[in-house]
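There are 2 protein chains.
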Amino acid sequence: MTEKTTTTTTIQLPEPTLRRLPWYLAYLSTLKKSETEYISTTRIAEALDVDPSQIAKDLSFLGIRGKTRIGYQVDALEDKLRDFLGFGRRHNAIMVGAGSLGAALIADSGLQRYGLNIVAGIDVNVSLIGSKINGVEIFSPERLAELVDRLGVVIGIIAVPVDSAQSVSDLLSSAGIKAIWNFTPSRIRVPEGVVIANTSIYSHLAVMYNRLSLRDLQ
Amino acid sequence: MTEKTTTTTTIQLPEPTLRRLPWYLAYLSTLKKSETEYISTTRIAEALDVDPSQIAKDLSFLGIRGKTRIGYQVDALEDKLRDFLGFGRRHNAIMVGAGSLGAALIADSGLQRYGLNIVAGIDVNVSLIGSKINGVEIFSPERLAELVDRLGVVIGIIAVPVDSAQSVSDLLSSAGIKAIWNFTPSRIRVPEGVVIANTSIYSHLAVMYNRLSLRDLQ
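In order, the protein sequences belong to chains A and B.
With positions in the first sequence counted from 1, the corresponding number in this note's numbering is that position plus 3.
With positions in the second sequence counted from 1, the corresponding number in this note's numbering is that position plus 3.
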């Protein structure tokens, strides 16, 4: 992927819009193979089961408008979406916890394609320290602040056991991290000004299990 | 973890409640070390930054009530939550896509602890077929239906490239899968009666990047 110097969005978008925009981007990337040049909101709407007027509204945040009866130019819309979402920029990140989930995320090349550049890992397990996962070196916790500073890390990712989540978050905040991506099922508190994103995989499991058990009753 | 034979919930809970219950469970597990016997909603509320009355309401779905001035018995509440959320039961799952993210999820022992039992993997990459990740064998796609049937698979997990997500979902549905856990940023459609859960890691990245770029402006 080529580095781009375009600016990312600087307006506070509603979270539902921000969650839908990547769907549109994902859908557009599937059109590449069919060499579709223009796409209408109606067709995107059919494919994604989203209201066409909602799509038009979401895309208007990008300052991009479709042509009447023709729609949006696929390549231009895809580029615009990628830039707008920040996927075209590099965001340096540090992974705290290089156990099963942490190591997994370090190894996921998909994150790199979406602009997340994991530059180092941290773990308390001495057998991991000094090892590399996907080219990313694992360091001991006391190196955290120095690494954040030296490597220009802006995002701290937390994939540690539940009872260490808050203390790791505190460490990251005091090291000057600007955003925390929390993969633990634990709720953590961050100082004002630090962005927090929670991806609680296990909460999604709970929702799925509940829906499954209801389905079995029918 | 010991197998339990208690029944999981059979009421349709509001999704926000289902998302909060795992936070409570995670918090309770951090109390074990301190040997706390009783916990009040007030203390849970302080720790998790959730309204105490909301917590009492969420927990009332479990048919469990705290004692006045004492609160909930920690062990009993933890067991009840785990059973209620289905984390104590085994749910057999098949992972479609054993690339970086898929392999990562197979290797994540955390999922096992939350009741997800990945029994097989599927990949189109011939160099992966026959190999094992964390003891889980990878098979070719034509084995899908047979494996689902023979291994009693109820959940299909999708971690394939975006443009294969829908076709894989269709395959899983026709193989008789009851729930699909979609890790791709793609929206997929499922037949009526099939449960769908979406975990779009990359959408969370988009939200985080947007909040970060706003923060930089301040």
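Ideal placement from N, C-alpha and C gives every residue a C-beta, glycine not left out.
I need the DSSP call for residue i, collapsed to helix, strand or coil.
i, result
"residue 213/A", "helix"
"residue 89/A", "coil"
"residue 57/B", "helix"
"residue 51/A", "helix"
"residue 100/A", "coil"
"residue 14/B", "coil"
"residue 119/A", "strand"
"residue 124/B", "strand"
"residue 73/B", "coil"
"residue 109/B", "helix"
"residue 4/A", "Because the pLDDT at residue 4/A is just 40, under 50, the model does not fix this residue reliably, and the point stays unresolved."
"residue 43/B", "coil"
"residue 218/A", "helix"
"residue 65/A", "coil"
Going by other Cβ atoms of all chains shown within 10 Å of its Cβ, with 16 needed for buried, is residue i buried or exposed?
i, result
"residue 6/A", "Any reading at residue 6/A is ruled out, since the residue's pLDDT is 40, under 50, leaving its predicted position unreliable."
"residue 128/B", "exposed"
"residue 263/B", "Absent from the structure is residue 263/B, since the part of chain B shown begins at 4 and ends at 221."
"residue 15/A", "exposed"
"residue 37/B", "exposed"
"residue 179/B", "exposed"
"residue 10/A", "Here the model assigns residue 10/A a pLDDT of 46, short of 50, so the residue's position is not dependable and the matter cannot be decided."
"residue 71/A", "exposed"
"residue 106/A", "buried"
"residue 63/A", "exposed"
"residue 17/A", "exposed"
"residue 66/A", "exposed"
"residue 85/B", "buried"
"residue 116/A", "exposed"
"residue 3/A", "Because chain A spans 4 through 221 in this model, residue 3/A falls outside it and cannot be assessed."
"residue 190/B", "buried"
"residue 79/A", "exposed"
"residue 124/A", "buried"
"residue 58/A", "buried"
"residue 44/A", "buried"
"residue 177/A", "exposed"
"residue 172/B", "buried"
"residue 56/A", "exposed"
"residue 12/A", "Low confidence applies here, because residue 12/A scores a pLDDT of 49, under 50, leaving its location unreliable; read the following figure in that light. It counts as buried."
Thinking residue i and residue j are a contact (beta carbons under 8 Å), I'd like their distance in whole angstroms, please.
i, j, result
"residue 193/B", "residue 22/A", "The pair is not a contact, with the Cβ atoms about 19 Å apart (cut-off 8 Å)."
"residue 40/B", "residue 76/B", "7 Å"
"residue 218/A", "residue 196/B", "6 Å"
"residue 134/A", "residue 103/B", "About 18 Å separates the two Cβ atoms, so there is no contact after all."
"residue 175/B", "residue 183/B", "6 Å"
"residue 34/A", "residue 61/A", "The pair is not a contact, with the Cβ atoms about 18 Å apart (cut-off 8 Å)."
"residue 83/B", "residue 215/A", "Their Cβ separation, rounded to whole angstroms, is 19 Å, which puts residue 83/B and residue 215/A out of contact at 8 Å."
"residue 212/B", "residue 131/A", "With a Cβ gap of about 29 Å, residue 212/B and residue 131/A do not count as contacting."
"residue 29/A", "residue 187/B", "7 Å"
"residue 31/B", "residue 81/B", "4 Å"
"residue 126/B", "residue 101/B", "4 Å"
"residue 156/A", "residue 150/A", "7 Å"
Is residue i close to chain D? Criterion is C-beta to C-beta, closer than 8 Å.
i, result
"residue 166/A", "Of the protein chains in this structure, namely A and B, none is chain D."
* **Entirely enclosed alpha helix (DSSP H) segments - the stretch 138-207 of chain A, minimum 4 residues** => Scanning the stretch 138-207 of chain A from its first residue to its last, the whole alpha helix (DSSP H) runs of 4-plus residues come out as 147-153 and 168-177.
* Please confirm if the stretch 137-153 of chain B is in contact with the stretch 82-98 of chain B, defined as three or more CB-CB distances below 8 Å between the two stretches. => Pairwise C-beta distances place the stretch 137-153 of chain B in contact with the stretch 82-98 of chain B, as three or more of them are shorter than 8 Å.
* Between the stretch 119-138 of chain A and the stretch 86-95 of chain A, do three or more beta carbon pairs fall short of 8 Å? -> yes
* Asked: Taking contact to mean at least 3 C-beta pairs separated by less than 8 Å, is the stretch 164-175 of chain A in contact with the stretch 149-166 of chain B?
  -> no
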